Amino acid sequence: MGLRGFRLNLTRSEKVLGTGGLPHPLRLVLYPPLVLFLALMPGPCDEPLPAYKEPDRLFDVRLRGEYFLGMYEHSLRVYVEITNIFDETLVGPASLTGTVQVTAADDPNVRKTLTFTSQNILTARGYNAGSGILKIDPQEKIVLRATWYFAENKVVDDSGRDLAHGNEGRDPFFSYVVDKTCEFRKLARPEDFILQGQIKVFQRTGPAVADPSVFPFCFITNFVDSKTCPTIMTDPPCNYWPEPDGQ
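Below is the structure:
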(Lines of atoms letter the chains of each structure in order from A and count residues from 1; the text may use other names and numbers.)
(Lines give C-alpha, C1' and ligand atoms only; values in the text may rest on other atoms or scores of the structure.)
Protein backbone atom coordinates (compact mmCIF):
# COMPACT_ATOMS: atom_id res chain seq x y z
CA MET A 1 0.00 0.00 0.00
CA GLY A 2 1.43 3.41 -0.97
CA LEU A 3 1.29 6.49 1.17
CA ARG A 4 -1.73 7.78 -0.71
CA GLY A 5 -3.68 4.61 0.12
CA PHE A 6 -2.45 4.72 3.72
CA ARG A 7 -3.63 8.31 3.96
CA LEU A 8 -7.16 7.33 3.00
CA ASN A 9 -7.28 4.85 5.84
CA LEU A 10 -6.74 7.64 8.35
CA THR A 11 -10.32 8.82 7.96
CA ARG A 12 -11.82 5.47 8.86
CA SER A 13 -9.28 4.27 11.40
CA GLU A 14 -9.71 3.86 15.10
CA LYS A 15 -7.72 6.42 17.04
CA VAL A 16 -5.89 4.54 19.79
CA LEU A 17 -4.99 6.69 22.78
CA GLY A 18 -2.39 4.45 24.38
CA THR A 19 0.49 2.11 23.82
CA GLY A 20 0.90 -0.82 21.47
CA GLY A 21 1.48 -1.56 17.81
CA LEU A 22 -0.92 -1.70 14.92
CA PRO A 23 -3.42 -4.38 16.05
CA HIS A 24 -5.36 -4.24 12.78
CA PRO A 25 -4.56 -2.87 9.28
CA LEU A 26 -7.25 -0.20 9.63
CA ARG A 27 -6.27 0.82 13.14
CA LEU A 28 -3.72 3.53 13.68
CA VAL A 29 -1.79 4.49 16.78
CA LEU A 30 -1.60 8.26 16.51
CA TYR A 31 1.64 8.91 18.34
CA PRO A 32 2.92 12.44 17.66
CA PRO A 33 6.35 11.18 16.39
CA LEU A 34 4.67 8.77 13.97
CA VAL A 35 2.30 11.43 12.67
CA LEU A 36 5.18 13.87 12.22
CA PHE A 37 7.18 11.21 10.35
CA LEU A 38 4.27 10.53 7.99
CA ALA A 39 3.70 14.23 7.44
CA LEU A 40 7.32 14.74 6.37
CA MET A 41 7.50 11.79 3.96
CA PRO A 42 6.80 12.74 0.32
CA GLY A 43 4.02 11.09 -1.63
CA PRO A 44 4.17 9.89 -5.26
CA CYS A 45 4.04 13.53 -6.41
CA ASP A 46 6.25 14.81 -3.60
CA GLU A 47 3.16 16.05 -1.76
CA PRO A 48 3.66 15.97 2.02
CA LEU A 49 0.83 14.68 4.16
CA PRO A 50 -0.76 17.39 6.31
CA ALA A 51 0.35 17.34 9.92
CA TYR A 52 -2.17 15.80 12.30
CA LYS A 53 -4.01 18.37 14.41
CA GLU A 54 -5.65 17.27 17.65
CA PRO A 55 -9.32 18.36 17.69
CA ASP A 56 -10.27 21.10 20.11
CA ARG A 57 -12.94 18.95 21.73
CA LEU A 58 -13.33 15.21 21.91
CA PHE A 59 -16.19 15.03 24.40
CA ASP A 60 -19.42 16.73 25.30
CA VAL A 61 -19.96 16.58 29.07
CA ARG A 62 -23.28 17.30 30.75
CA LEU A 63 -24.37 17.23 34.39
CA ARG A 64 -27.81 16.28 35.63
CA GLY A 65 -29.03 16.37 39.22
CA GLU A 66 -31.51 14.08 40.98
CA TYR A 67 -32.72 14.53 44.54
CA PHE A 68 -33.40 11.12 46.09
CA LEU A 69 -35.46 10.67 49.25
CA GLY A 70 -36.04 7.08 50.30
CA MET A 71 -36.24 4.89 53.36
CA TYR A 72 -32.60 3.80 53.09
CA GLU A 73 -31.00 6.68 51.21
CA HIS A 74 -31.29 10.46 51.34
CA SER A 75 -29.01 12.11 48.81
CA LEU A 76 -28.36 14.36 45.86
CA ARG A 77 -27.17 12.38 42.87
CA VAL A 78 -25.24 14.06 40.06
CA TYR A 79 -25.05 12.18 36.76
CA VAL A 80 -22.05 12.86 34.53
CA GLU A 81 -22.91 12.14 30.89
CA ILE A 82 -19.95 12.02 28.48
CA THR A 83 -20.46 11.75 24.71
CA ASN A 84 -17.72 11.15 22.13
CA ILE A 85 -18.27 13.97 19.61
CA PHE A 86 -15.17 13.08 17.59
CA ASP A 87 -15.77 11.25 14.30
CA GLU A 88 -13.60 8.26 15.20
CA THR A 89 -13.55 5.52 17.80
CA LEU A 90 -11.27 6.35 20.73
CA VAL A 91 -9.36 3.58 22.51
CA GLY A 92 -6.82 3.76 25.31
CA PRO A 93 -6.04 3.48 29.01
CA ALA A 94 -8.92 5.10 30.88
CA SER A 95 -8.70 7.66 33.63
CA LEU A 96 -12.39 8.43 34.30
CA THR A 97 -11.62 10.66 37.25
CA GLY A 98 -12.98 14.09 38.04
CA THR A 99 -14.92 16.37 40.32
CA VAL A 100 -18.33 17.98 40.52
CA GLN A 101 -19.02 21.13 42.50
CA VAL A 102 -22.52 21.81 43.80
CA THR A 103 -22.81 25.51 44.70
CA ALA A 104 -25.77 27.50 46.00
CA ALA A 105 -26.71 30.15 43.43
CA ASP A 106 -27.48 32.72 46.15
CA ASP A 107 -24.41 32.01 48.28
CA PRO A 108 -21.18 30.76 46.65
CA ASN A 109 -19.81 29.95 50.11
CA VAL A 110 -22.28 27.07 50.24
CA ARG A 111 -20.46 24.44 48.24
CA LYS A 112 -20.01 20.69 48.12
CA THR A 113 -17.27 19.00 46.09
CA LEU A 114 -17.91 15.46 44.88
CA THR A 115 -15.24 13.22 43.38
CA PHE A 116 -15.69 10.24 41.11
CA THR A 117 -13.61 7.49 39.55
CA SER A 118 -14.24 4.46 37.35
CA GLN A 119 -15.95 2.92 40.40
CA ASN A 120 -18.82 5.36 39.77
CA ILE A 121 -19.59 4.09 36.26
CA LEU A 122 -23.23 3.37 35.51
CA THR A 123 -22.92 2.89 31.74
CA ALA A 124 -19.73 2.31 29.74
CA ARG A 125 -20.20 -0.43 27.17
CA GLY A 126 -16.59 -0.35 25.98
CA TYR A 127 -14.84 -0.23 29.36
CA ASN A 128 -12.81 -3.25 30.48
CA ALA A 129 -12.41 -3.03 34.24
CA GLY A 130 -9.73 -5.72 34.25
CA SER A 131 -7.38 -4.05 31.78
CA GLY A 132 -8.50 -0.48 32.38
CA ILE A 133 -8.91 0.05 28.63
CA LEU A 134 -11.79 2.17 27.37
CA LYS A 135 -13.23 2.09 23.87
CA ILE A 136 -15.84 4.67 22.94
CA ASP A 137 -17.42 4.95 19.50
CA PRO A 138 -18.58 8.20 17.88
CA GLN A 139 -21.72 9.54 19.62
CA GLU A 140 -21.48 6.81 22.26
CA LYS A 141 -22.26 7.91 25.81
CA ILE A 142 -20.66 7.07 29.15
CA VAL A 143 -22.56 7.78 32.36
CA LEU A 144 -21.10 8.07 35.86
CA ARG A 145 -22.78 9.10 39.09
CA ALA A 146 -21.40 11.07 42.00
CA THR A 147 -23.50 11.19 45.18
CA TRP A 148 -23.82 13.66 48.04
CA TYR A 149 -25.18 11.53 50.88
CA PHE A 150 -27.30 13.17 53.59
CA ALA A 151 -26.47 10.85 56.49
CA GLU A 152 -28.93 11.27 59.36
CA ASN A 153 -30.71 13.83 57.14
CA LYS A 154 -27.81 16.26 57.54
CA VAL A 155 -26.74 18.25 54.47
CA VAL A 156 -23.08 18.96 55.23
CA ASP A 157 -21.10 21.13 52.80
CA ASP A 158 -17.34 21.45 52.36
CA SER A 159 -17.06 23.83 55.32
CA GLY A 160 -18.80 21.37 57.66
CA ARG A 161 -21.99 23.42 57.88
CA ASP A 162 -25.24 21.47 58.14
CA LEU A 163 -27.44 23.27 55.63
CA ALA A 164 -30.56 21.50 56.87
CA HIS A 165 -30.40 22.18 60.60
CA GLY A 166 -27.45 24.45 61.30
CA ASN A 167 -24.58 23.61 63.63
CA GLU A 168 -21.70 25.13 65.56
CA GLY A 169 -23.50 28.44 65.93
CA ARG A 170 -24.39 28.66 62.24
CA ASP A 171 -27.96 28.91 61.03
CA PRO A 172 -29.42 26.42 58.56
CA PHE A 173 -29.20 27.44 54.93
CA PHE A 174 -32.66 26.17 54.06
CA SER A 175 -35.83 27.87 55.25
CA TYR A 176 -39.00 25.84 55.60
CA VAL A 177 -42.73 25.90 55.11
CA VAL A 178 -45.11 23.69 57.05
CA ASP A 179 -46.36 20.57 55.31
CA LYS A 180 -50.07 20.78 56.08
CA THR A 181 -50.53 17.13 55.18
CA CYS A 182 -47.83 15.72 57.45
CA GLU A 183 -46.59 16.84 60.85
CA PHE A 184 -43.55 14.55 60.63
CA ARG A 185 -41.65 16.46 57.93
CA LYS A 186 -40.99 19.99 56.69
CA LEU A 187 -40.56 21.31 53.17
CA ALA A 188 -37.67 23.61 52.31
CA ARG A 189 -38.29 26.55 50.03
CA PRO A 190 -36.72 25.78 46.64
CA GLU A 191 -33.08 26.76 46.21
CA ASP A 192 -31.16 26.79 42.94
CA PHE A 193 -27.80 25.05 42.96
CA ILE A 194 -25.20 25.34 40.20
CA LEU A 195 -23.60 22.10 39.00
CA GLN A 196 -20.09 22.41 37.59
CA GLY A 197 -17.54 19.73 36.86
CA GLN A 198 -14.78 18.23 34.80
CA ILE A 199 -13.60 14.73 33.96
CA LYS A 200 -10.42 13.25 32.56
CA VAL A 201 -11.65 10.45 30.30
CA PHE A 202 -8.35 8.99 29.08
CA GLN A 203 -4.94 9.12 30.70
CA ARG A 204 -3.56 10.92 27.63
CA THR A 205 -6.32 13.50 27.21
CA GLY A 206 -6.87 16.70 29.13
CA PRO A 207 -9.88 17.33 31.38
CA ALA A 208 -13.22 17.73 29.61
CA VAL A 209 -15.21 20.53 31.23
CA ALA A 210 -19.00 20.51 31.55
CA ASP A 211 -21.05 23.64 31.00
CA PRO A 212 -22.65 24.81 34.27
CA SER A 213 -26.25 23.73 34.81
CA VAL A 214 -28.90 24.81 37.31
CA PHE A 215 -30.58 22.31 39.60
CA PRO A 216 -33.66 23.46 41.58
CA PHE A 217 -33.25 21.72 44.93
CA CYS A 218 -36.52 20.77 46.66
CA PHE A 219 -35.14 19.62 50.01
CA ILE A 220 -37.37 17.76 52.49
CA THR A 221 -36.25 17.19 56.06
CA ASN A 222 -36.80 13.44 56.17
CA PHE A 223 -38.49 10.44 54.63
CA VAL A 224 -41.99 9.47 55.80
CA ASP A 225 -43.63 6.32 54.49
CA SER A 226 -46.76 6.56 52.39
CA LYS A 227 -48.87 4.80 55.04
CA THR A 228 -48.25 7.65 57.45
CA CYS A 229 -48.28 10.67 55.12
CA PRO A 230 -49.09 11.37 51.47
CA THR A 231 -46.26 10.71 49.05
CA ILE A 232 -44.39 13.84 48.04
CA MET A 233 -42.59 14.53 44.77
CA THR A 234 -39.00 15.75 45.01
CA ASP A 235 -38.48 16.52 41.32
CA PRO A 236 -38.19 20.14 40.14
CA PRO A 237 -39.93 22.57 39.87
CA CYS A 238 -40.89 21.80 43.49
CA ASN A 239 -44.53 22.71 42.98
CA TYR A 240 -46.12 19.29 43.36
CA TRP A 241 -46.64 19.38 47.10
CA PRO A 242 -49.59 17.52 48.60
CA GLU A 243 -52.62 19.52 49.62
CA PRO A 244 -54.70 18.84 52.73
CA ASP A 245 -57.94 16.98 52.19
CA GLY A 246 -60.75 19.29 51.14
CA GLN A 247 -58.51 21.91 49.47
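For what it's worth, our numbering labels the leading residue of the sequence shown as 1308, then goes sequentially.
The beta-carbon is built from N, C-alpha and C at its ideal position, and this holds for glycine as well.
Since we're looking at a predicted model, the values are computed, not measured.
Buried or exposed (CB count within 10 angstroms, at least 16 for buried), residue i
{"i": "Gly-1513", "result": "exposed"}
{"i": "Asp-1542", "result": "exposed"}
{"i": "Glu-1380", "result": "exposed"}
{"i": "Arg-1468", "result": "buried"}
{"i": "Glu-1475", "result": "exposed"}
{"i": "Leu-1429", "result": "exposed"}
{"i": "Asn-1529", "result": "exposed"}
{"i": "Glu-1395", "result": "buried"}
{"i": "Phe-1491", "result": "exposed"}
{"i": "Asp-1486", "result": "buried"}
Rounded straight-line distance, which links the Cα of residue j to that of residue i
{"i": "Arg-1371", "j": "Phe-1500", "result": "11 Å"}
{"i": "Leu-1470", "j": "Phe-1375", "result": "17 Å"}
{"i": "Thr-1454", "j": "Val-1463", "result": "13 Å"}
{"i": "Gln-1505", "j": "Gly-1399", "result": "19 Å"}
{"i": "Ser-1482", "j": "Glu-1447", "result": "42 Å"}
{"i": "Ile-1389", "j": "Phe-1366", "result": "6 Å"}
{"i": "Arg-1511", "j": "Pro-1497", "result": "41 Å"}
{"i": "Thr-1420", "j": "Lys-1461", "result": "16 Å"}
{"i": "Ala-1515", "j": "Val-1368", "result": "7 Å"}
{"i": "Lys-1534", "j": "Cys-1489", "result": "11 Å"}
{"i": "Val-1484", "j": "Gly-1473", "result": "17 Å"}
{"i": "Gly-1405", "j": "Phe-1423", "result": "6 Å"}
{"i": "Lys-1493", "j": "Met-1540", "result": "13 Å"}
{"i": "Val-1521", "j": "Asp-1413", "result": "12 Å"}
The ligand GDP heavy atom lying under 6 Å from the CB of residue i
{"i": "Cys-1536", "result": "Ligands are entirely absent from the displayed structure, and the ligand GDP is therefore not among its contents."}
Bridge partners - residue i, DSSP secondary structure assignment
{"i": "Arg-1556", "result": "Outside the shown range of the chain (1308 to 1554) lies residue 1556, about which nothing can therefore be said."}
{"i": "Pro-1523", "result": "Asp-1499"}
{"i": "Asp-1518", "result": "For Asp-1518, which the question treats as bridged, DSSP gives no partner whatsoever."}
{"i": "Val-1463", "result": "Asp-1469"}
{"i": "Lys-1534", "result": "Answer is none; Lys-1534 lacks a bridge partner."}
{"i": "Thr-1420", "result": "Gln-1408"}
{"i": "Val-1450", "result": "Glu-1388, Thr-1430"}
{"i": "Asn-1435", "result": "Ile-1440"}
Distance between beta carbons of residue j and residue i, contact taken as under 8 Å
{"i": "Arg-1418", "j": "Val-1409", "result": "7 Å"}
{"i": "Gln-1503", "j": "Pro-1519", "result": "5 Å"}
Below-7 Å beta-carbon distance, residue i vs any chain D residue
{"i": "Val-1484", "result": "Absent here is chain D; the protein component of the structure consists of one chain."}
### Query
What residue ranges within the region 1384-1414 form continuous beta strand (DSSP E) runs of no fewer than 3 residues, ordered along the chain?
1397-1411
### Task
Just list the beta strand (DSSP E) runs in the region 1472-1496, keeping only unbroken ones of 3 residues or longer that don't cross its boundaries, in chain order.
1483-1485, 1493-1495
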